[in-house]
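Colleague:
Protein chains: 2
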Amino acid sequence: MLRVSRSDSAYHHGNLGPALEDAALDLMRTQGHTSLSLREVARRAGVSHNAPYHHFGDRTGLLKRVSERSMAELVSAMRAAQASAEDASPRERAVRVGGAYVGYAAEHPERFRVVYDPEVCVPGSPTPTMAPLITEIEGILAETTAALLPPGAEAALMPLTVAVWGSVHGLAELVVAGHITQDDVEPALVALLDPGSSARLAP
Amino acid sequence: MLRVSRSDSAYHHGNLGPALEDAALDLMRTQGHTSLSLREVARRAGVSHNAPYHHFGDRTGLLKRVSERSMAELVSAMRAAQASAEDASPRERAVRVGGAYVGYAAEHPERFRVVYDPEVCVPGSPTPTMAPLITEIEGILAETTAALLPPGAEAALMPLTVAVWGSVHGLAELVVAGHITQDDVEPALVALLDPGSSARLAP
DNA sequence: TCACCGATATGGACAGTGTCTAGATTCTGG
DNA sequence: CCAGAATCTAGACACTGTCCATATCGGTGA
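See the structure below:
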């Protein structure tokens, strides 16, 4: 077992915090984070049922940490998509970035779900680690959205950014909940960003 | 206390099922459905901790029932908005229907959340009561979306309907999670449905 | 009318959980 | 080298979901 500590004693684990997080993430592959048991996590890590308390305070503390790591992964996926679509058209890039968002949710539904659980993360008072991640998501979406706007429409950036966030987030939730398939997502995003779709009537 | 039974005996409640649902809905005004306790619900209704089992089978059974009632309320709100915007423009109507969706979520966050909890409702095998409600939501959204399409673009109806569902659902979730305010929703929907917003580049 | 049966409600029991307190062990800085 | 901080363990408590056996009620057929 990997140890940060130099001692071979079994009493102190040496790297328990991350080990517990890993165990939790592993358990969340097969069960929802709502039914995740602190004691089972401790059992997985081979440690007493109370050891987690010295690292996370309480159950929500562990979930907060897990949601931070998940949010970081989500941001990475979006940044990667943004970079890989650097030379594509703004609309193509928006579809790719949105696809990355939904793709992460589809691949790790429970990690995605814990990130947006109001009982875990309250955006009004986010964790020091979580706050910049939220800012970065908003930034990526704003950049992606800005490229879609016609010149002179900069005033619409903020509301449209919110709309884009809502769209990809909603599609992700619908996929996770099982109401739509991941195959439905790209056509939906394309249709949404097609200016012809909703152009029937004048304002 | 309201009794369906004619007897005044306290042994049989007479109308326990709905009474338990009401108690659960009431508790969910102040606590999440994930931390909702079957025993507390029973206590609220003034019955033994085991009485709920004869009506719902298990905890998830009660949550399923609660989510059915909540989904019915959500559908009603959308139908009402659709009717009240009968004479408005398609875009105005879409904003109103979407606003009703988000409004319900903002007003009853926990009822909204339980409806889309994958551990409660699995769309693949929905409850007999839930199935038509899901169909009706999709129908309302399809009607609202169809009116937005230019003539000859009927092929885009399905993907755009999915996109609209995703958009309003995502905005609702973001409001519930606290990432945006309800005041952000209408501008976002307007921006999203404005054909000028995303018209910068040709396909 | 009345005995019976299914539906409804009760109580006790059990394993599992989150969290508190107290105590044991190891690490570390002066 | 040693005292205090950090880490981990053990025991206890209240609470939970669920199973089982039991009690009560309402209606139905003889």
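Taken in sequence, the protein lines are chains A and B.
Residues 2 to 204 in the numbering used here are what the first sequence lists, from first letter to last.
Residues 2 to 204 in the numbering used here are what the second sequence lists, from first letter to last.
All C-beta atoms in this analysis are idealised placements derived from N, C-alpha and C, irrespective of residue type, glycine included.
Model, not experiment: these values are computed from the prediction.
#1: Between which residues of its own chain and M131 of chain B is the CB-CB distance below 8 angstroms, once the five residues before and five after are set aside?
#2: Please list, in chain order, the residues of the region 40-51 of chain B that have any C-beta partner in chain A closer than 8 angstroms.
#3: Is the beta carbon of R97 of chain A closer than 8 angstroms to that of A89 of chain A?
#4: When you compare each of B:G62, B:R45, B:V163, B:P53 to E120 of chain B by their alpha carbons, which one comes out closest?
#5: If you drop the 5 nearest sequence neighbours on each side, which residues of the same chain put their C-beta closer than 8 angstroms to that of L161 of chain B?
#6: Helix or strand or just coil, what does DSSP make of G153 of chain A?
#7: Is A148 of chain A helix, strand or coil by DSSP?
#8: A189 of chain A: which of A:G100, A:E137, A:A156, A:H34 sits nearest, CA to CA?
#9: Candidates B:H180, B:L21, B:L134: which alpha carbon is nearest V48 of chain B's?
#10: Could you tell me if D185 of chain B is buried or exposed, where buried requires 16 or more neighbouring beta carbons within 10 angstroms of its beta carbon?
#11: What does D185 of chain B touch in chain A if you count any residue whose Cβ is under 8 angstroms from its own?
#12: Can you give the beta carbon distance from L175 of chain B to H109 of chain A, rounded, assuming they're within the 8 angstroms contact cut?
#13: Compare the beta carbon distance of S168 of chain B and S85 of chain A with 8 angstroms and say whether it is the shorter of the two.
#14: Using a Cβ-Cβ cut-off of 8 angstroms, state whether V5 of chain B counts as contacting chain A.
#15: Looking at the unbroken alpha helix (DSSP H) that takes in E93 of chain A, where does it start and where does it end?
#16: Compare the beta carbon distance of R80 of chain B and I135 of chain B with 8 angstroms and say whether it is the shorter of the two.
#17: Output, in chain order, the set of chain A residues within a Cβ distance shorter than 7 angstroms of I181 of chain B.
#18: Which one of B:V42, B:M29, B:D195 has the shortest CA to CA distance from A154 of chain A?
#19: Does DSSP classify A213 of chain A as helix, strand or coil?
#20: Can you check which of these residues, A:A43, A:V177, A:L28, is closest to G104 of chain A by C-alpha distance?
#21: Give a yes or no on whether the C-beta atoms belonging to A156 of chain B and L193 of chain A are separated by under 8 angstroms.
#22: Please classify P55 of chain A: is it buried, with 16 or more other beta-carbons within 10 angstroms of its beta-carbon, or exposed?
#23: Using a beta-carbon distance below 8 angstroms, is M2 of chain A in contact with chain B?
#24: How is P119 of chain B classed by DSSP in three states: helix, strand or coil?
#25: Need the endpoints of the alpha helix (DSSP H) that R70 of chain B sits in, please.
#26: Whose Cβ in chain B lies nearer than 8 angstroms to the Cβ of G58 of chain A?
#27: Is the Cβ of L172 of chain A closer than 8 angstroms to any Cβ of chain B?
#28: In chain order, what residues of the same chain have a beta carbon less than 6 angstroms from the beta carbon of E137 of chain B, not counting five sequence neighbours either side?
#29: Show which residues of chain B have a CB atom less than 7 angstroms away from the CB atom of Y117 of chain A.
#30: Of the residues B:G18, B:S36, B:D23, B:F113, which one's Cα is nearest the Cα of A78 of chain B?
#31: Taking any Cβ of chain A, which residues in the region 117-146 of chain B have a Cβ under 7 angstroms from it, in chain order?
Modeller: According to the data block:
#1: Indexing the second sequence from 1 puts residue 131 of chain B at position 130. So the qualifying residues of the chain are K65, S68, E69, M72, C122.
#2: none
#3: Within the first sequence, numbered from 1, the residue matching residue 89 of chain A stands at position 88. Within the first sequence, numbered from 1, the residue matching residue 97 of chain A stands at position 96. Contact: yes.
#4: The residue you call residue 120 of chain B lines up with position 119 of the second sequence. Selected option, being the one with the closest Cα: B:G62.
#5: Position 160 of the second sequence, counting from 1, holds the residue named residue 161 of chain B. Within its own chain, the residues whose Cβ lies closer than 8 angstroms to the Cβ of L161 of chain B, once the five positions on either side in sequence are excluded, are T146, L149, L150, listed in chain order.
#6: The count along the first sequence starts at 1 and reaches residue 153 of chain A at position 152. Correct three-state label for G153 of chain A: coil.
#7: Stepping through the first sequence from its first residue, residue 148 of chain A is reached at position 147. It is coil, neither helix nor strand.
#8: Taking the first sequence and counting its residues from 1, one reaches residue 189 of chain A at position 188. Per the Cα distances, A:G100.
#9: Mapped onto the second sequence, residue 48 of chain B falls at position 47. Measuring from the Cα of V48 of chain B, the nearest candidate turns out to be B:L21.
#10: Counted from its first residue, the second sequence places residue 185 of chain B at position 184. Buried.
#11: As a working mapping, residue 185 of chain B is identified with position 184 in the second sequence. Chain A residues near D185 of chain B: P160, V163.
#12: Counting from 1 along the second sequence, the entry for residue 175 of chain B is found at position 174. Counting from 1 along the first sequence, the entry for residue 109 of chain A is found at position 108. Wrong, their Cβ atoms sit about 19 angstroms apart, outside the cutoff.
#13: Within the second sequence, numbered from 1, the residue matching residue 168 of chain B stands at position 167. Within the first sequence, numbered from 1, the residue matching residue 85 of chain A stands at position 84. Not in contact: S168 of chain B and S85 of chain A (Cβ atoms no closer than 8 angstroms).
#14: Residue mapping note: residue 5 of chain B aligns to position 4 of the second sequence, counting from 1. Below a pLDDT of 50, predicted positions are generally treated as unreliable, and V5 of chain B, at 45, falls in that range; the measurement from the model is reported next regardless. Taking Cβ atoms only, chain A never reaches closer than 8 angstroms to V5 of chain B, which makes this a no.
#15: Locating residue 93 of chain A in the first sequence gives position 92, counting from the first residue. E93 of chain A -> alpha helix (DSSP H) spans 91-108.
#16: If you number the second sequence from 1, residue 80 of chain B lands on position 79. If you number the second sequence from 1, residue 135 of chain B lands on position 134. Not in contact: R80 of chain B and I135 of chain B (Cβ atoms no closer than 8 angstroms).
#17: On the second sequence, residue 181 of chain B is found 180 positions in, with the first residue counted as 1. V163, listed in chain order.
#18: On the first sequence, residue 154 of chain A is found 153 positions in, with the first residue counted as 1. The residue with the shortest Cα to Cα distance from A154 of chain A is B:D195.
#19: The displayed coordinates of chain A run from 2 to 204. Any statement about residue 213 of chain A would go beyond what the structure contains.
#20: Here residue 104 of chain A corresponds to residue number 103 of the first sequence, with the count starting at 1. Answer by Cα proximity: A:V177.
#21: Reading the second sequence from its first residue, position 155 is the one you call residue 156 of chain B. Reading the first sequence from its first residue, position 192 is the one you call residue 193 of chain A. For A156 of chain B and L193 of chain A, no; Cβs fall outside 8 angstroms.
#22: On the first sequence, position 54 is the one that residue 55 of chain A refers to. In the sequence as displayed, the identity of residue 55 of chain A is His instead of Pro. Classification for H55 of chain A: exposed.
#23: Here residue 2 of chain A is taken as the residue at index 1 of the first sequence, counted from 1. Low local confidence applies: a pLDDT of 36 at M2 of chain A is under 50, so the model's placement there is unreliable, with the coordinate-based value given in what follows. With 8 angstroms as the cut-off, M2 of chain A does not count as an interface residue toward chain B.
#24: What you label residue 119 of chain B is simply residue 118 of the second sequence in a count that begins at 1. Here P119 of chain B carries a coil assignment [DSSP, helix/strand/coil].
#25: Taking the second sequence and counting its residues from 1, one reaches residue 70 of chain B at position 69. Taken as a continuous stretch (DSSP letters only), the alpha helix (DSSP H) holding R70 of chain B covers 60-85.
#26: Within the first sequence, numbered from 1, the residue matching residue 58 of chain A stands at position 57. Those do not exist, as G58 of chain A stays about 18 angstroms from chain B at its closest Cβ, beyond 8 angstroms.
#27: Position 171 of the first sequence holds residue 172 of chain A. Interface residue (Cβ-Cβ distance to chain B less than 8 angstroms): L172 of chain A is classified as such.
#28: Numbered from its first residue, the second sequence carries residue 137 of chain B at position 136. The answer, listed in chain order, is V76.
#29: The residue you call residue 117 of chain A lines up with position 116 of the first sequence. Per Cβ cutoff of 7 angstroms: E174, A178.
#30: As a position in the second sequence, residue 78 of chain B is number 77, starting the count at 1. Cα-wise, what sits closest to A78 of chain B is B:F113.
#31: Listed by position along the chain: Y117, P119, E120, V123, P124, G125.
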